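K.L.:
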Amino acid sequence: VSATVATIAYASGINPIHFWMVTLVAFELGYLTPPVALNHLLTRQVVGEAEVLAALEEEGTFYQRHERILMPLIAMGISLLLVAFVPLFFYA
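In my numbering, the protein residues as written are 168 to 259.
1) Taking the C-alpha atoms as reference points, what is the distance between R232 and L248?
2) Under three-state DSSP, which class holds S246?
3) Short check: CB of H185 to CB of V250, under 9 Å?
4) DSSP state of A204, grouped into three classes?
5) Looking at the secondary structure, which residues open and close the alpha helix (DSSP H) in which T174 lies?
6) Among the residues of its own chain, which have a CB less than 8 Å from the CB of A193, if the five just before and after it don't count?
7) Give me the residue from W187, L255, Y177, L237 with the minimum Cα distance to P201.
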């Protein structure tokens, strides 16, 4: 998908480094979040069932239970927006 979109982006005058940085962050964000979440599936296989069950038994609010994944997702989402749109303000 990205190779076909890359030719269109290059023809539109988008810097190749900028395009691939946005693509890389967007792909990783997609791998971390549902419905794909491939990184979570692989991590669960490596960590093992005992650690997963211990995590499920944690108590607290939703944020307290999931802050280890929410904070990186929020940071990656903000960085994706910054990398994608801040250059428009400087080079447009």
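In this text, a Cβ means the ideal position worked out from N, Cα and C, and glycines have one as well. This one's a predicted model, so the numbers in the text were calculated from it and none came from an experiment.
P.N.:
So, from the listed chains and residues:
1) Their backbone Cα atoms lie some 26 Å apart in a straight line.
2) S246: helix per DSSP, three-state reduction.
3) Less than 9 Å divides the Cβ of H185 from the Cβ of V250.
4) DSSP places A204 in the coil class of the three-state scheme, outside both helix and strand.
5) That run of the alpha helix (DSSP H) goes 169-178.
6) Exclusion of the five residues before and after A193 leaves L247 as the residues of its chain whose Cβ lies within less than 8 Å of its Cβ.
7) For the options W187, L255, Y177, L237, the alpha carbon positioned closest to that of P201 is the one of L237.
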